[in-house]
Amino acid sequence: MKVSTRFLEIIGAWMLAIIWVLPLLYALWTAFHPGEFATRFSLTAPLTLENFRNAWAAAPFARYFLNTTILVTLILVAQFIVCTPAAFAFARMEFAGRNVVFAIMLMQLMIMPDVLLVGNYRSMAKLGLVDTILAIALPYLGSAFGIFLLRQTFLTVPQQLDDAARLEGCTLLGRLWRVYVPLARPTYIAYGLVSVSYHWNNFLWPLVITNSVNTRPLTVGLSIFASTDQGIDWSIITAATLMTSAPLLVAFLLFQRQFVQSFMRAGIR
Amino acid sequence: MRQIATTRRTLLGSAAATLAAPAVVSAQGVTEIEFYFPVAVGGPITKIIDGYCADFMKENADIKVKPVYAGSYVDTLTKAVTATKAGQGPQMSLVLAVDAYSLVDDEMIVPFDTIATSDADKAWLKAFYPAFLANGTIDGHVWGIPFQRSTIVAYWNKEIFKEIGLDPEKGPSTWEETGEWTAKAIKREGDRVTRWGIEIPGDGFTYWLYQGMVAQAGGELAGDNGRKTFFNSDAAVEGLQFWVDLMNKYKSHPTGISAWGTGPRDFLEGKTAMIWHTTGNLTNIKNNAKFPFGVAMLPAHKRRGSPTGGGNFHLFKGANAAQRAACLRLLRWLTSPEKAADWSMATGYVAPRPDAWETPAMKAYVAGFPQAAVARDQLPFAVAELSTHDNQRVAQALTDELQAVLTGTKQPKAALDAAQEKATRLLRPFQKA
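Sequences listed follow chains S and Y, in order.
Per the numbering used here, the first sequence runs over residues 9 to 277.
Per the numbering used here, the second sequence runs over residues -6 to 426.
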């Protein structure tokens, strides 16, 4: 009985993995072969890097990479700085109306960012920030999800550790920095992955708020290949997709190991 | 009525520009205008538009033009509407001609005939093909100036036609010919079809291609100034039956939904003998086809017919008087016969006025590439693209039902009845009391 359940689990995992990886495999195949092999499979098909060259030349991708990198770094750093004290206050400080404020903040999770398009645009226009990278980032700097996630983690930190640090003469900020933040490292990494991949892929808001090459992120640049009026060239699309998602994929694979290790270390301590 | 004056941009009397400008103009300063254009940054079309803007500014030193490339049509509309609501909108934007009703209903745009008041301006407004002006003409006003316009044509592969014993120089001219000829082109490997006779895209612009069939059956889809639809008329049902017949009777069209985006590629790779597609693809197919191909008007049934498509320039409310005048000058320049012809040759879009086709450059082009003139010759039979109030939702209602028929889950009549019912409900608020 037990063996058969395990067998089923393995089969299920493999099937999910294959379904997940299929589009990626297709992209790999198509990107490295000439256009006429896009929908044909032949082992002898010639390999080529031409698609990558064409894709790279079709738009100022170097600039877009820089913009996206600045954007996600800016957002991530600001989110950590904003969310950490907020989460700490919600987790460990007693103040009047704490639960009400927390509930209000959680309500932000229910609101789709797209609904706020016009409102956000109006704010950016008033601030004179239209067509800047800061304008893309600003609406996302305070993250309810981040605060919630960190608060839940901070709650699991044993009160004794906090007390011990206090006995040693640690200040409030010192305790936050030396006790809570190190123990919440896996959460930071997990949240960082979610945040970076979300903003790496975000499309609608950056499109609406930016007007020029100097501020547009990768996703908006990628949309050049989606001009369906002219028909779709799968080879170039897949090459461009691989090119733009590669940093994210590599980061994911790298941090996945880090992720597990952090969990273990946090557990041992 | 909301009016926003964007004075911040308009009165930038830049010293450099004034130095270069003639003395008369320098007294007034430079008018800056910005327009959104539905293509992504860096594509081949952006280079053409950038070139036009540079040339225009060279000839008109008192106007500074900034094109902003905004992706797809839908993205461009979203961007223009959002920015306009926030008071920072563009002065002009090219969006789908069929979105005019929605823009008018939301009080976003101003009609061109209110600013084009001189005799020359009025003559200019009359110079376009009526079929292209139709979508932008609402309540007697002209709200949209045709620029990036297209229509549907049938492309056929001459090599395949020769191989199956047809006259390679002649495309099918009736529904029956379309069905019978394309059925001959089918090639199989076992049970699998390796070459289809015809592909008509069923996603993205489903209603648009379908509208061609309805027109050929002698019907129309909407009327009464965008307040009524006729989705379940006899002609509408007959048109849809033709599409279904291609799949089930002639079996020359793949069952299910053929993709808009891959149609041209299938055609170029010889996986289908014919496609129906936009003229906007003409240049792409011309540059990439490794075989001789022909372009035909869509076949006739009771009559010939094809909807127009593509985008019009719309003038947004945010523009002040000076900017409106500047926009008008830019548009008159962009749609002059010479520029319209140049644009058409560079992209494959249909030059929107008859005299553009009379320019020497265009005549030479058509002589060497007669396929380019097919769209023009089809224009007398063209109908305005389906456009109603609340257009996106009405078109979506029709598209959903059409796709249900294409995938075989519904019969044409039942589906169109459902679409008509939904559209009637959506249009109820716009009926005159």
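The beta carbon of each residue, even a glycine, is placed where N, CA and C say it ideally should be.
Give every residue of the same chain whose Cβ lies closer than 7 Å to the Cβ of threonine 40 of chain S, excluding the five residues on either side of it in the sequence, and list them in chain order.
-> Note on residue identity: the sequence assigns phenylalanine, not threonine, to residue 40 of chain S. Correct list, in chain order: Leu55, Thr56.
At least three beta-carbon pairs within less than 8 Å, the region 289 to 299 of chain Y to the region 363 to 379 of chain Y | yes
Under 9 Å between the Cβ atoms of alanine 86 of chain S and leucine 158 of chain S?
-> no
Quick one: is leucine 135 of chain S buried, meaning 16 or more other Cβ sit within 10 Å of its Cβ, or exposed?
-> exposed
Check whether the Cβ of valine 29 of chain S lies closer than 9 Å to any Cβ atom in chain Y.
-> no
Since lysine 72 of chain Y is in the alpha helix (DSSP H), which residue starts that stretch and which ends it?
-> 66 to 78
Residue(s) in a DSSP beta bridge with phenylalanine 286 of chain Y = Y:Asn150
Starting from the Cα of glutamine 371 of chain Y, find the closest Cα among Y:Pro347, Y:Met355, Y:Glu351 and give me that residue.
-> Y:Pro347
Keeping to the same chain, check which residues put their C-beta closer than 7 Å to that of leucine 324 of chain Y; ignore five residues upstream and five downstream.
-> Ile138, Phe306
Select from the region 122 to 137 of chain S all residues with a C-beta closer than 9 Å to any C-beta belonging to chain Y, and list them in chain order.
-> Leu125, Val126, Gly127, Asn128, Tyr129, Arg130, Ser131, Met132, Ala133, Lys134
In three-state terms, what does DSSP make of arginine 188 of chain Y?
-> strand
Just by C-beta distance, which residues in the region 188 to 208 of chain Y are closer than 7 Å to chain S?
-> Gly197
Tell me which same chain residues have a C-beta within less than 8 Å of the C-beta of valine 189 of chain S, skipping the five on either side of it?
-> Thr92, Tyr196
Under the rule that 16 or more other beta-carbon atoms within 10 Å means buried, what is glutamate 192 of chain Y, buried or exposed?
-> buried
Spell out the partners DSSP gives arginine 142 of chain Y in its beta bridges.
-> Y:Gly303
With 16 other CB atoms within 10 Å as the buried threshold, where does valine 398 of chain Y fall?
-> buried
Are the beta-carbon atoms of tyrosine 243 of chain Y and glutamate 156 of chain Y separated by less than 9 Å?
-> no
Residue nearest to proline 330 of chain Y in terms of C-alpha spacing, selected from Y:Thr187, Y:Lys356, Y:Glu152, Y:Lys310 | Y:Lys356
Boundaries of the alpha helix (DSSP H) in which phenylalanine 162 of chain S is found, first to last residue = 152 to 164
With a CB to CB cut of under 6 Å and the five nearest residues on each side skipped, what residues in its chain are close to proline 422 of chain Y?
-> none
Neighbour flag for arginine 258 of chain Y against chain S, beta carbons, 9 Å | yes
Quick one: Cα of tryptophan 208 of chain S to Cα of proline 194 of chain S, how far?
-> 21 Å
If you run the structure through DSSP and keep just helix, strand and coil, what is tyrosine 243 of chain Y?
-> coil
Pull up the distance between the alpha-carbon of lysine 221 of chain Y and that of asparagine 59 of chain S, whole angstroms please.
-> 48 Å
Nearest to alanine 109 of chain Y (by Cα), restricted to the options Y:Thr381, Y:Arg322, Y:Ala360, Y:His382 = Y:Arg322
Between leucine 226 of chain S and threonine 252 of chain S, what straight-line distance do the alpha-carbon atoms span, to the nearest angstrom?
-> 7 Å
Starting from the C-beta of alanine 14 of chain Y, find all residues in its chain whose C-beta is less than 7 Å away, skip the five residues before and the five after it, and write them out in chain order.
-> The pLDDT assigned to alanine 14 of chain Y is 38, lower than 50, so where the model puts this residue is not dependable; a value taken from the coordinates is nonetheless given after this. For alanine 14 of chain Y, where only same-chain residues beyond five positions count, the Cβ hits under 7 Å are Ala54, Asp55.
Proximal residues of chain S, C-beta to C-beta of threonine 75 of chain Y below 8 Å = Leu125, Val126, Tyr129, Val216
Is the number of C-beta pairs between the region 65 to 83 of chain Y and the region 37 to 44 of chain Y that are closer than 8 Å three or more?
-> no
By the criterion of Cβ-Cβ separation under 7 Å, what are the contact partners of asparagine 219 of chain S in chain Y?
-> Val61
Use the C-beta contact count for leucine 30 of chain S: other C-beta atoms within 10 angstroms, 16 or more gives buried, fewer gives exposed.
-> exposed
Pair within 9 Å by beta-carbon distance, tyrosine 72 of chain S and threonine 75 of chain Y = no
Give the range of the beta strand (DSSP E) segment to which proline 60 of chain Y is assigned.
-> 56 to 62
Below 8 Å, can you find three or more Cβ-Cβ pairs linking the region 182 to 191 of chain Y to the region 251 to 266 of chain Y?
-> yes
Answer with yes or no whether the minimum CB distance from serine 65 of chain Y to chain S is below 9 Å.
-> yes
Considering only residues of the same chain and omitting the five flanking positions on each side of phenylalanine 224 of chain Y, which have a CB-CB separation below 7 Å?
-> Leu214, Leu391, Leu409, Ala412, Gln413, Ala416
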